[in-house]
Structure formats: structure tokens, C-alpha cells
Amino acid sequence: MNNHRLIGALAAVALLAPLGACSKADEKSAPTAQASNGTLAAELGGAPGLTTFSTALADAGLGDVFDGPGSYTVLAPDDDAFAKLDQGGKTLTDPAHRAELVAVMRGHILPGHLTPEAIRKAVADKKGPVSMRSLDESMVTFTTDGDTIVVTGADGGKARVDGAALVASNGVVLPLDGLVKSPPPVSAEPS
0 MNNHRLIGAL AAVALLAPLG ACSKADEKSA PTAQASNGTL AAELGGAPGL
50 TTFSTALADA GLGDVFDGPG SYTVLAPDDD AFAKLDQGGK TLTDPAHRAE
100 LVAVMRGHIL PGHLTPEAIR KAVADKKGPV SMRSLDESMV TFTTDGDTIV
150 VTGADGGKAR VDGAALVASN GVVLPLDGLV KSPPPVSAEP S
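Quick note on numbering: numbering that gives the first Met the number 0 labels position 64 of the sequence shown as 63, and the sequence is numbered without any gaps.
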């Protein structure tokens, strides 16, 4: 029976693109998921601390995607992560820079339904980092640091899962303390 579970788990990971690094964490101190029957759009819209990301998704025209039937994992930088960008964050969310914003957002969206528990299990099973492709075709790598899941983007940007995951009917929101895809340099004046 254990072999069937292992084969099933490996097949699910293969279908989602190689998801690679999670270790078993101390479950009592690791944030847990909060389940909901709402869609990702509803969860993001009502999540405290994720208002900048939610607004950015709507401004980028990506919000409607999360009301549909597709299953996604959203790596959602919290409001403090955007505040750390200073003027770059304000410029990025300016309507004149919508293309740059869309590129950053797509780098924070993964296909499939990845809970923190599934990520930790994948890292533990692989005994090392696990990677998968985001919607912008870049790689995102998961590792663990004690109880914490660390996400690293293709350009080296790192963030930690910071808080409980929001599990919706069509996916999962993982709040992050930073951006894993750096915004491209943008000037204050659109060209």
C-alpha cells in the first residue's frame, strides 16, 4: 500500500512540473492552511495584508483568472514586501507600467494546487530543493529552513512563506514576505 501512495505522489508531482524541495517540518510551529469554499479571487480580495497584491492582480487584468475553474498556487507577496520596494513599488503599480506589473505577477503564479504540507513532503521525499515553472516560464525553487518554506525565483529573489496558506476551491494562496520575481527597472515616466 505504501508503494501505491508513493507512486501516486510521484505522479502528481510529475504532472505539476518537477516540484522539488520540501522537508518535514515541525507541524505544531509551522503555519497551517485555512480552507475555504470561495475562489482564489475571493480569498485574495478579503485577505488582510495582501491588499497590494490583490489590487495589483486586478490592475494587471489577472484577477478574473482566479474566479475560473483552473487550479493555481499564488505566491502572494504581502503588503510589507511591496513597501520594501519604495519608489519602485509605487512605479510598478502605476497604470502606465501595466506590462511590467503583469510580468512580475505571472512570476508569482504556479499551475496546480500546492499546499505547504505538499511542498514540505516533496522536499522531504527528494531530500533537497524542488523546482517548478511559473506562468512566466521561469523556475521557482522551494526549500525549507526549519519549519519555514523558502521560495527562490530564477533571478535569485528569495521570500519565506509568511503566515497560513489560504486554500480556496480552485487553488492555494501562499503569503510571502518578499517578491521572488524582481520587478524590471522602470522609469518614473512611461516611455
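We put the CB at the ideal spot given by N, CA and C, even for glycine.
Residue i versus the options, residue with shortest Cα-Cα distance
{"i": "THR114", "options": "ASP93, PRO94, ILE148, ARG97", "result": "ILE148"}
{"i": "VAL160", "options": "ALA75, ALA55, GLY62", "result": "ALA75"}
{"i": "ALA59", "options": "ASP78, GLU42, ARG105, THR38", "result": "ARG105"}
{"i": "ASP66", "options": "ASP144, SER137, LEU173, ASN36", "result": "ASN36"}
{"i": "ALA153", "options": "GLU136, ALA167, THR143", "result": "GLU136"}
{"i": "GLU116", "options": "VAL64, THR90, GLY177, THR143", "result": "THR143"}
Extent of the continuous beta strand (DSSP E) to which residue i belongs
{"i": "LEU178", "result": "Segment: none, LEU178 is in no beta strand (DSSP E) and carries neither H nor E."}
{"i": "GLY44", "result": "That residue, GLY44, is in no beta strand (DSSP E); its alpha helix (DSSP H) goes 39 to 45."}
{"i": "VAL122", "result": "Premise fails: VAL122 lies in the alpha helix (DSSP H), 115 to 125, not in any beta strand (DSSP E)."}
{"i": "GLY152", "result": "147 to 152"}
{"i": "VAL139", "result": "138 to 144"}
{"i": "SER130", "result": "129 to 132"}
Between the CA atoms of residue j and residue i - distance to the nearest angstrom
{"i": "PRO182", "j": "GLY170", "result": "24 Å"}
{"i": "LYS126", "j": "SER70", "result": "26 Å"}
{"i": "GLY155", "j": "VAL179", "result": "7 Å"}
{"i": "ASP25", "j": "PRO94", "result": "Confidence at ASP25 is low in this model, with a pLDDT of 36, below 50, so its placement is unreliable and no value can be given for it."}
{"i": "THR140", "j": "ALA158", "result": "11 Å"}
{"i": "ASN2", "j": "PRO110", "result": "Only weak support is given to the placement of ASN2: the predicted model assigns it a pLDDT of 34, under 50, and the value that follows is read from those uncertain coordinates. Roughly 26 Å separates the two Cα atoms."}
{"i": "THR38", "j": "ALA121", "result": "25 Å"}
{"i": "PRO68", "j": "ALA40", "result": "11 Å"}
{"i": "ALA57", "j": "ASP77", "result": "15 Å"}
{"i": "GLU99", "j": "THR92", "result": "9 Å"}
Residue i: first and last residue of the uninterrupted alpha helix (DSSP H) it sits in
{"i": "VAL166", "result": "Element bounds for VAL166: not the alpha helix (DSSP H) but the beta strand (DSSP E), 165 to 167."}
query: Is the number of C-beta pairs between the stretch 113 to 133 and the stretch 44 to 54 that are closer than 8 Å three or more?
result: no
Runs of alpha helix (DSSP H) wholly within the stretch 50 to 109 (minimum 4 residues, chain order): DSSP runs (the alpha helix (DSSP H)) wholly in the stretch 50 to 109: 50 to 58, 78 to 82, 86 to 91, 97 to 105.
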